[in-house]
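Enquirer: Starting off with a structure, shown below.
Number of protein chains: 2
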Amino acid sequence: MITMTLDGYVAGPNDGVENPLGDGGERIHEWLYADEAWRAQHGLEGGERTVDSEVMQHTIERTGAVILGRRMYDNAHGWGDDPPFRVPVFVLTHRPEEPLAKNDTTFTFVTEEPARTLELARDAAGGKDVQLAGGASVIQQFMRVGLLDELVVNLSPILLGGGVPLFGSLGAAIRLDPVEVVGSPRVTHIRYQVSEAA
Amino acid sequence: MITMTLDGYVAGPNDGVENPLGDGGERIHEWLYADEAWRAQHGLEGGERTVDSEVMQHTIERTGAVILGRRMYDNAHGWGDDPPFRVPVFVLTHRPEEPLAKNDTTFTFVTEEPARTLELARDAAGGKDVQLAGGASVIQQFMRVGLLDELVVNLSPILLGGGVPLFGSLGAAIRLDPVEVVGSPRVTHIRYQVSEAA
């Protein structure tokens with residue numbers, strides 16, 4: 002599950018440790034900030050219960066482990082003292098590092114290939130799904146080698162005009178079949194089955 | 002109403018008169034070719050009646066005039082002898098040319114600004130909607146000056162990895178509010194209300 006702007010970006014231009022979502026990028030996730038399920042996951046009270054909450058909640062419940070990239074981890078400053086995942090998280094990196102536990106989330110730093118990382122995450126997921134949280138380059142990397150079965154795009158109705166594209170040069174090798182669409186006034190959730198193009 | 006790939010393109014790379022939809026671009030419109038409403042509009046029999054047909058049919062019925070860009074007109078070779086529009090079409094161009102009637106479609110070549118072109122199209126539309134058919138640069142031009150009220154994106158579940166982006170550098174000046182979503186196994190139709198960003 003990843004949020005993308007209607008013009009295809011997951012972060013604005015100039016993203017980095019000082020500017021995690023890039024210029025204007027906080028707008029991409031605006032639909033989340035008022036959402037009850039997202040707030041609860043982030044230890045915040047209140048928020049609205051909408052159709053978006055149900056989609057979020059459904060994903061949270063199905064997720065037994067998370068894989069994400071080092072750049073995303075660094076940009077988010079490791080999500081501070083209380084990361085929202087509350088499941089084992091595997092961070093793809095070139096620099097080996099000791100595992101790190103923060104509240105209900107453990108971060109394991111993995112220097113393995115995607116296939117091996119997915120095995121480790123599957124073993125830790127207790128029969129639930131492994132969620133690929135991003136960033137874009139990690140998602141592309143997994144899609145290229147056929148390791149992503151499903152992609153949920155939360156299509157945010159904003160335009161950034163530039164930034165980090167979700168799909169980059171991925172192109173025609175991938176086949177996507179829309180299997181579910183849920184819309185709200187804030188965002189459009191599209192679930193795709195992912196396979197290799199014939 | 003315009004069809005865009007999930008990675009944001011309305012045509013593949015290297016589009017032109019010899020290659021109207023660009024490299025791989027015919028895949029963008031694959032969802033249409035089997036569709037009853039589209040086939041009927043193009044004088045072809047058969048096809049499937051799906052939820053996509055209903056969306057198409059609804060748009061066709063609402064449309065009283067069409068505006069499109071010269072590049073699109075040229076790339077399509079003027080749609081041959083039996084253009085599918087069957088309503089007055091206004092072609093934005095820098096080169097004045099005599100009006101052209103082909104079967105039920107008339108092409109008027111307009112060298113005016115977008116606002117004036119829209120007035121001409123409205124007068125010709127007999128109380129129905131004016132549809133901006135594209136290409137991308139014409140849609141961007143109208144959006145920039147606040148002349149587009151509604152945008153229907155048919156989101157085609159394919160990736161091209163490059164080509165002609167629908168939104169280009171349009172960015173944050175535009176506000177889009179999703180007001181309707183209809184999904185099928187082939188394509189996701191999202192209707193946005195368009196306004197200027199606050």
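Chains as they are written, first to last, in my numbering: chain P, 2 to 199; chain F, 2 to 199.
Backbone N, C-alpha and C define an ideal beta-carbon position, used for all residues, glycine too.
Any chance the segment 122 to 130 of chain F sits against the segment 152 to 162 of chain F, with 3 or more Cβ pairs inside 8 Å?
Expert: no
Enquirer: Can you give me, in chain order, the residues of the segment 175 to 187 of chain F that have a beta carbon less than 7 Å from any beta carbon in chain P?
Expert: Ile175, Leu177, Asp178, Pro179, Val182, Gly184, Pro186
Enquirer: Give a yes or no on whether 8 Å exceeds the smallest Cβ distance from Leu133(P) to chain F.
Expert: no
Enquirer: Give a yes or no on whether the minimum CB-CB distance between Phe110(P) and chain F is below 8 Å.
Expert: So, not an interface residue.
Enquirer: Cβ closer than 8 Å: which chain P residues qualify as neighbours of Ala173(F)?
Expert: Gly25, Arg28, Ile159, Leu160, Leu161, Gly162
Enquirer: Hey, Gly136(F) and Gly81(F) are a contact pair by Cβ (cut 8 Å); roughly how many whole angstroms apart?
Expert: Wrong, their Cβ atoms sit about 18 Å apart, outside the cutoff.
Enquirer: Classify Ala198(P) as helix, strand or coil using the three-state DSSP reduction.
Expert: coil
Enquirer: I want to know whether the segment 60 to 68 of chain F touches the segment 114 to 124 of chain F - three or more CB-CB distances under 8 Å.
Expert: yes
Enquirer: With distance defined between alpha-carbon atoms, name the residue in Val131(F), Ile191(F), Leu148(F), Val92(F) nearest to Arg75(F).
Expert: The amino acid at residue 75(F) is misidentified as Arg; the sequence shows Asp. For Asp75(F), the nearest C-alpha among the options comes from Val92(F).
Enquirer: Determine, using beta carbons only, whether Pro166(F) comes closer than 8 Å to chain P.
Expert: yes
Enquirer: Show which residues of chain P have a CB atom less than 7 Å away from the CB atom of Gly9(F).
Expert: Asp8, Gly9
Enquirer: What does the alpha-carbon distance come out to for the pair Val90(F) and Pro21(P)?
Expert: 46 Å
Enquirer: Within its chain, find whatever has a CB closer than 8 Å to the CB of Leu160(F); leave out the 5 residues flanking it on each side and keep chain order.
Expert: Thr6, Leu7, Asp8
Enquirer: Nearest CA to the CA of Tyr193(P): which residue from Pro186(P), Arg187(P), Val182(P)?
Expert: Val182(P)
Enquirer: I need the straight-line Cα distance from Ile175(F) to Gly17(P), nearest angstrom please.
Expert: 25 Å
Enquirer: May I ask which residues mark the beginning and end of the beta strand (DSSP E) holding Met5(F)?
Expert: 3 to 6
Enquirer: Quick one: using the 10 Å Cβ neighbour count with 16 as the cut-off for buried, is Tyr10(F) buried or exposed?
Expert: buried
Enquirer: Whole-angstrom Cβ separation of Ala134(P) and Met73(P), contact assumed at under 8 Å?
Expert: With 8 Å as the limit, Ala134(P) and Met73(P) qualify as a contact, their Cβ atoms being about 7 Å apart.
Enquirer: Taking Trp32(F) as the reference, which of Pro14(F), Gln42(F), Ala41(F), Thr51(F) has the closest Cα?
Expert: Looking at Pro14(F), Gln42(F), Ala41(F), Thr51(F), the one whose alpha-carbon comes closest to that of Trp32(F) is Thr51(F).
Enquirer: Using three-state DSSP, classify Glu62(F) as helix, strand or coil.
Expert: Secondary structure at Glu62(F): helix, using DSSP grouped into helix, strand and coil.
Enquirer: For a minimum of 4 consecutive residues, which ranges assigned as the alpha helix (DSSP H) are wholly contained in the segment 109 to 187 of chain P?
Expert: 115 to 125, 137 to 145
Enquirer: Please compile the residues from chain F whose C-beta is within a distance smaller than 7 Å of the C-beta of Ser170(P).
Expert: Gly162, Gly163
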